[in-house]
Amino acid sequence: MFQQTPVYDRLVAERGDIPVQVRGEADRIHRDLAEVMRRTSSSWPSARQNVVDPKAPPAAR
1 MFQQTPVYDR LVAERGDIPV QVRGEADRIH RDLAEVMRRT SSSWPSARQN VVDPKAPPAA
61 R
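Those letters in the sequence shown? Residues 1 to 61, by full-length UniProt numbering.
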């Protein structure tokens, strides 16, 4: 992405490597969300069949 500089090295020493921490959190959230999606899709197999058919006329009230 960019070359590290003494300023960057000093910031990492003072504050931690924020880009690495953010990537780690993003990876964790991605894994958690994937697990939730797997559980949801396996526990509700008919969920996709309940989607409204856009070709069907609206029901009269």
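Quick reminder that beta carbons are idealized off the backbone N, C-alpha and C, glycines included. Please read all numbers here as calculations on a predicted model, not as lab measurements.
In the DSSP annotation of this structure, threonine 5 is not part of any alpha helix (DSSP H), being labelled neither H nor E. Around valine 20, the same chain offers no residue with a beta carbon nearer than 7 Å, after the five sequence neighbours per side are excluded. In the three-state scheme derived from DSSP, where H, G and I count as helix and E and B as strand, aspartate 32 is classed as helix.
Glutamate 14 and alanine 26 have their C-alpha atoms spaced approximately 22 Å apart.
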